[in-house]
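S.K.: First residue of the sequence shown: 14, per the working numbering; consecutive thereafter.
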Amino acid sequence: MAIRYIDADLLIVGGGSAGCMAAIRALELNPGLRVVIFEKGDIKYSGSIARGMDALNIVAIPNFTTPELYLEAISMASQGIVDAKPSFEMARRSFELLRKLETWGVYFPTDKDGKYCTLQYHPKGNFLAQMEEPDLKVMISRKSQDLGAVAVNRVMGHRLLMDDGRAAGAIGVNVRSGELVVCRANAVILSAGGQARFTLPNSGYLYGTFDYPGNSGDGYAMAFEAGARLTGMEHTRRTMLIKDANIPLLAITITRGGKMLDIFDNILMEWSCHDHKKANAAFKHGYGPLRIRISHLTEETIQKIEDVLFTTERPVQKRFFEGRGIDFRKSDIELWPTEDQLCGGHGLSGLVVNERAQSSIPGLYAAGDVACVPKQHLTGAFVFGEVAAEQAVRFVSENLKTRLNENQVEQAVTLRDQRFASGGRQIDVRQLEFKVRRLIGDYVVSPKNAYKLNRWMEWAERFRGEIDSQVRITNGHELSKLYEIENIVQCGCFCARASLERKESRWGNSHLRTDYPDQDDTNWLCHLDLEKGEAANEVRLKRRSIQMFEGEEVFS
Ligand SMILES: Cc1cc2nc3c(=O)[nH]c(=O)nc-3n(C[C@H](O)[C@H](O)[C@H](O)COP(=O)(O)OP(=O)(O)OC[C@H]3O[C@@H](n4cnc5c(N)ncnc54)[C@H](O)[C@@H]3O)c2cc1C
């Protein structure tokens, strides 16, 4: 197979919310820049936005809320495991971002007094600004390309290219043909989302996940392989969603007066949906299925909720509920906990970054769910997409051109050919993914203990052996699936190693160790960072202090 070579000033890996925004900002600053985007799907509708988006979850509206109050709210929501500067920076730029989106035609509804419609989603302050824009992804992808970004669709970033310790582009794989695409660049922005395909959803479908299933932790694995620092990988995230459809609705219904109930009609949530303790306890004790009731709300509010759910969130829901004969005026909506994921957007996992979206590798920036800015949501993806672009454009202008490392390309060719080698291989790639994710569900996520976590580490070794010599792939598409599974296994190991090390429990179901059931702030009110060691598959762990406003820089 031929190799395709591309040359760029800036390579963006992942053309979702953060990636498109980064491309737009880079080209606003320097229209002459050659910006290339590797996108695993089709940039027009790939990524989380297309899974449903009804709000900018964090906007500090002047004279209403403040970035300082947001910092208080996010510290509470992440039980103290949050660096001050990136979250503050995001909130500080959030209103300017909203205004910019408005100039592009994105609609943020206002009340009769002209004030933005907001809801309370965080423990403090109404930071969630409602948004009605079903075509948001089409809009930003088109804008990035109109400005000159070159989207290379159906190409999965596989390895970062390095030049003397500096990020120098990436090697990608076409997910249909298996063709290698090598892009040399002077800086790289990683925006490949989180790890959506971690455990299996309860439907059992590999791709029936809450988050965009193309996000298979590739960004975490690529960055780690290249030597970047990860953090928070012990904190998996799982939440209550619409049973079988696996679509979120708590923020849409509860904040508008809906109630979450158990089978005894005890109210577990009403008006505010940040605290999941009661819901988790009810589910654990078998008082489920939990349900959302909105039948007591006014017809106007019910119609508003239907509007959001059936248009901006995900139109398929209308048919789903009709098919099941569910009318919100008469019936409750059944909930079920979804699969576990690793995510810097909804959770606490990702690359270590500072408020300038810099990673620990020169020339490598990270934005969106791949980066750990706790619970940054769409606001973080957009703000840090912009911040990363601003920094990358400056870095490119101040540094020499990188050189292409041919050895890395040869290694990628060798690996690809090895994966294709036939001789006696019998395991189907889809069956392997099913088993890997089933065992991550059994051994890696809460409730956790040392025995289970060590069992996963044994299984991971076995899976790696099977990937090397027993998995059968017959075309380029299966090759990309196999690479994804390698990344899923790798993320399982990141999570298991960090979970073994953090000998306490924290953040509810996200890290619940039955052998260390208590939260231990004396020893563990800190980050746990992961870095590649010398030996193959070695993961080094290191505690890092929480960054306060006046404290040390993240990369000191
Ligand atoms: C169902 C749902 C509803 C949400 N609702 C809201 C909301 O209402 N308000 C809010 O503020 N936030 C919301 N969020 C969160 C928000 O959407 C995300 O935090 C944000 O969109 C993440 O942006 P991102 O660019 O990091 O990831 P994405 O937008 O998911 O983009 C990642 C992109 O990378 C591509 N990719 C993955 N791997 C590779 C690879 N190896 N090589 C190349 N490309 C790759 C993917 O195809 C994808 O296009 C929601 C999320 C979900 C899943």
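By construction, the Cβ of each residue, glycine as well, lies at the ideal position given by its N, Cα and C atoms.
Compare the Cα-Cα distances from S59 to each of N76, G29, I71 and report the closest residue.
M.R.: Measuring from the Cα of S59, the nearest candidate turns out to be G29.
S.K.: Just curious, the beta strand (DSSP E) that I184 is in, first and last residue?
M.R.: Its beta strand (DSSP E) spans residues 179-187.
S.K.: Spell out a yes or no on whether the region 530-550 and the region 264-274 are touching, meaning 3 or more CB-CB pairs, one atom from each, closer than 8 Å.
M.R.: No contact exists between the region 530-550 and the region 264-274.
S.K.: Closer than 8 Å by C-beta to L132: which residues in its own chain qualify, once you throw out the five before and the five after it? Chain order, please.
M.R.: Only A68, N139, L141, Q143, A264, T268, R269 meet the Cβ criterion.
S.K.: Distance, Cα to Cα, G45 vs R17?
M.R.: Using only the alpha carbons, I get a separation of about 23 Å.
S.K.: For the alpha helix (DSSP H) containing C33, name the first residue and the last one.
M.R.: Looking at the DSSP string, the run of the alpha helix (DSSP H) that includes C33 is 30-42.
S.K.: What is the rounded straight-line gap between the Cα of A21 and the Cα of G178?
M.R.: Cα to Cα, the separation comes out at about 19 Å.
S.K.: Name the two residues that bound the continuous alpha helix (DSSP H) containing R197.
M.R.: R197 -> not in any alpha helix (DSSP H); beta strand (DSSP E) instead, spanning 193-197.
S.K.: How would you write the range of the beta strand (DSSP E) that R526 sits in, first residue to last?
M.R.: Taken as a continuous stretch (DSSP letters only), R526 belongs to no beta strand (DSSP E), as it is neither H nor E.
S.K.: What is the DSSP secondary structure of Y233, reduced to helix, strand or coil?
M.R.: Helix, per DSSP.
S.K.: With distances taken from CA atoms, which of A90, P226, L84 is nearest A97?
M.R.: That would be L84, whose Cα lies nearest to the Cα of A97.
S.K.: Cα separation between W284 and Y134?
M.R.: Distance between the alpha carbons of W284 and Y134 is about 9 Å.
S.K.: Hey, quick one: how far does the beta strand (DSSP E) through F51 stretch, first residue to last?
M.R.: F51 -> beta strand (DSSP E) spans 48-52.
S.K.: Which residue's Cα is closest to the Cα of Y456: Q439, W472, L445?
M.R.: Residue W472 is the option with its Cα nearest to Y456.
S.K.: So for T392, helix, strand or coil by DSSP?
M.R.: Correct three-state label for T392: helix.
S.K.: Whose CA, out of Q404, V165, G245, lies closest to the CA of A509?
M.R.: Per the Cα distances, G245.
S.K.: Using a Cβ-based criterion (distance less than 8 Å to any ligand heavy atom), does T487 qualify as near ligand 1?
M.R.: Incorrect: T487 has no Cβ contact closer than 8 Å to ligand 1.
S.K.: Under a three-way DSSP split, which group does K343 fall into?
M.R.: Residue state, collapsed to three classes: coil.
S.K.: Got a sec, what are the start and stop residues for the beta strand (DSSP E) H490 sits in?
M.R.: Careful: H490 lies outside any beta strand (DSSP E), inside the alpha helix (DSSP H) at 489-514.
S.K.: Ligand 1 and L69: does the residue's C-beta get closer than 8 Å to at least one heavy atom of that ligand?
M.R.: L69 Cβ: within cutoff of ligand 1.
S.K.: Given a cut-off of 9 Å, decide if G381 and A31 are closer than it, judged by their beta-carbon atoms.
M.R.: Cβ distance < 9 Å, so A31 and G381 count as in contact.
S.K.: Determine the direct distance from the alpha carbon of I50 to that of H248, and round the result to whole angstroms.
M.R.: Taking the straight line joining both Cα atoms gives about 29 Å.
S.K.: Looking only at C-alpha atoms, which of A205, C286, E403, D288 sits nearest to L364?
M.R.: Nearest C-alpha to L364: A205.
S.K.: Under 8 Å: do the region 155-169 and the region 36-43 share three or more Cβ pairs, one atom per stretch?
M.R.: Result yes; three or more Cβ-Cβ pairs closer than 8 Å.
S.K.: Assign T325 to buried or exposed, taking buried as 16 or more other Cβ atoms, counted over all protein chains shown, within 10 Å of its Cβ.
M.R.: Classification of T325: buried, given that the 10 Å Cβ count is 16 or more.
S.K.: I need the boundaries of the beta strand (DSSP E) containing N166, first residue and last residue.
M.R.: 163-166 is the span of the beta strand (DSSP E), which, as asked, contains N166.
S.K.: With respect to 8 Å, is the separation between the Cβ of V168 and the closest non-hydrogen atom of ligand 1 below this value?
M.R.: Yes, Cβ of V168 sits closer than 8 Å to a heavy atom of ligand 1.
S.K.: Distance, Cα to Cα, P328 vs Y225?
M.R.: For P328 and Y225, the distance between alpha carbons rounds to 16 Å.
S.K.: Mapping the DSSP letters down to three states, classify R251 as helix, strand or coil.
M.R.: Coil, per DSSP.
S.K.: Identify whether T599 lies in helix, strand or coil by the three-state DSSP scheme.
M.R.: Within the shown structure, residues of the chain are numbered from 14 to 569, placing residue 599 beyond reach of any answer.
S.K.: Could you give the DSSP three-state label for M561: helix, strand or coil?
M.R.: Here M561 sits in coil by DSSP.
S.K.: I want to check one thing, is the minimum distance from the CB of M273 to the heavy atoms of ligand 1 below 8 Å?
M.R.: Checking the Cβ of M273 against ligand 1 gives no.
S.K.: Hey, would you say the C-beta of G206 is under 8 Å away from at least one heavy atom of ligand 1?
M.R.: The answer is yes for G206.
S.K.: Hey, how far is the Cα of D441 from the Cα of S493?
M.R.: Taking the straight line from one Cα to the other gives about 13 Å.
S.K.: Return yes when the Cβ of L173 is within less than 9 Å of the Cβ of A236, no when it is not.
M.R.: Yes, Cβ-Cβ distance for A236 and L173 is below 9 Å.
S.K.: Have a look at the DSSP bridge pairing and note the partners of W349.
M.R.: Answer is L254, bridged to W349.
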